[in-house]
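If you're matching them up, the sequences are chains A and B in order. First residue of the first sequence: 2, per the working numbering; consecutive thereafter. First residue of the second sequence: 46, per the working numbering; consecutive thereafter. Yeah, the Cβ is synthetic: ideal placement off N, Cα and C, and Gly gets one too. Small disclaimer: the values here were computed from a predicted structure and weren't measured. Have a look at the structure below, then the notes.
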Amino acid sequence: MQIDHDSILTLQLPYREQLQLHRTVFHGGDGPKVAVVAGIHGDELEGLYVCHRLAAWLEELARARPHILRGRVELYPALNPLGIDTLQRFVPVFDTDLNRNFPGHREGLLPQRITEAVMRALAGAALVLDIHASNVFLREIPQVRINQASAATLVPLARQMNIDVIWLHGALTVLEATIAHSLNSRGVPCLVVEMGVGMRITPAFTDQLMTGILRVWRSLGVLAPDLDLAELTHQPLLADDNNVHYLNAETSGLFIPEVEHWTSVHRGQRLGRIVSPHEGAVQSEVRSPVDGVLFTLREYPVVYEGSLMARIMEVRSEESAR
Amino acid sequence: MKPPALLQMTAPLREDFEIAYHDIGSANGTPTLALVAGIHGDELNGVFVLSRLANFLRGVAAGEQSGHQLCARVIVVPAVNILGVNTRSRRWPFDSTDINRMFPGYNAG
């Protein structure tokens, strides 16, 4: 087993500096190659910590049981390093969403050169995980988002990921310039993981996801089949366009939640209040329209009319389901 | 020749970096003149002017500019906020601070 730190792209910046896209590669046997990418948005940090934890696990494997790695693991913790350095979601200077610049162009602007290099590096992978962390406004339970067009291949993999929700999006909402769409359309399976909240790290979510990642890698033959791993602790619910309800703010103000994220809620239950810093009266309430599970919850307190406050996956009781 | 640096720093996701400057003229004695620009990363005129001036002064010091002679030691810092120049950020990008409100500074800050 061999560990390499290298760079897939070097670009000269205007004043003295170079931009390098670093990765860590763990070589085992001739088994499949898998990859984890993170930090496409500079304000999403959960995936960077996942990469750290995977690197630590693999380094320990290299010391104690190197024969366990049968394939090749590549970690790309920060595809938008300039964004992370500057506390920005988008690519600085170009002010563009890196995840709307795939598959890129070798002679394009800096963002397209990054995405082109990433696409080239990931060719041939048996599975790519693209880890996102929502944004600074919303907290998300660990989930995998899949477009219906790729559901047949990806849902079985996502079921093993130890996540809480698989969210299937309609084929009409394909975002063609994302890494996931670009890879999947070239035959490289890519799962989009969303978890946590922007500009923060939620270690418990990383623990949860680690179990799933390692089990999926074992099932793909990247890790030896006799490797002992923790059992799955989470079974995903299946969300889609028909059972996900969006709750939007009726007034502007400060959102004060009254429920924990990822709890069961019932129809009419108050989830929080929107108040004004100028007066004592409550401006409006946020109530659940259905019985279900609260899987997205507003994190950033300042809200405006129409701001997204929560998403609830409707869960019908067995009686009504029949 | 690698230029001297005011400061060297590491960062988690980028190359180690330094704020380079020019030290031109006799190495003996205290510099007579110091020129500084690019404290704000979006103010580029000074960066350009001082880069050109440093180039010219190096030529003078090397005797390549006839009629000119460099009599004193000169320090030229074309871009203090190099990270800001490269990312079009007025402020110091890592914590979004205005480094022109940070003087005289703190060597453990």
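- Identification of residues in the region 2-35 of chain A having a C-beta nearer than 7 Å to some C-beta of chain B yields Leu14, Pro15, Tyr16, Arg17, Glu18, Gln19 and Gln21, given in sequence order.
- Residues of chain B with a Cβ closer than 9 Å to the Cβ of Leu88/A are, in chain order, Pro138, Phe139, Asp140 and Ser141.
- Using a Cβ-Cβ cut-off of 8 Å, Ile202/A does not count as an interface residue toward chain B, since no Cβ of chain B sits closer than that to its own.
- Inside the region 188-231 of chain A, DSSP marks whole beta strand (DSSP E) runs of 3 or more residues at positions 191-197, from first to last along the chain.
- Cα atoms of Asp98/A and Leu55/A: separation of roughly 26 Å, rounded to the nearest angstrom.
- Between Gly32/A and Arg71/A, the C-beta gap is smaller than 8 Å, which places the two residues in contact.
- Taking the CA atoms as reference points, Ala134/A sits about 25 Å from Gly188/A.
- Counting only Cβ-Cβ distances below 7 Å, Arg133/B has contacts in chain A at Pro93 and Val94, in chain order.
- Taking every protein chain shown into account, the CB of Ile4/A has fewer than 16 other CB atoms within 10 angstroms, so this residue is exposed.
- Cβ neighbours of Val193/A within its own chain (closer than 6 Å, five residues either side excluded): Asp131, Arg146 and Ala181.
- Interface with chain B (8 Å Cβ-Cβ cutoff): Ile85/A is included.
- The alpha-carbon of Val37/A is positioned some 9 Å away from that of Leu128/A.
- Taking a beta-carbon distance threshold of 8 Å, Arg103/B does not count as an interface residue toward chain A.
- For the alpha helix (DSSP H) assignment, the uninterrupted runs of no fewer than 4 residues enclosed by the region 58-87 of chain A are, from N- to C-terminal side, 82-86.
- In this structure the region 218-234 of chain A does not lie against the region 263-276 of chain A, because fewer than three pairs of beta carbons, one per stretch, are closer than 8 Å.
- Under DSSP, Met54/B takes part in a beta bridge, and its partners are Phe62/B.
- Secondary structure note for Gly293/A: its beta strand (DSSP E) is the uninterrupted segment Gly293 to Arg299.
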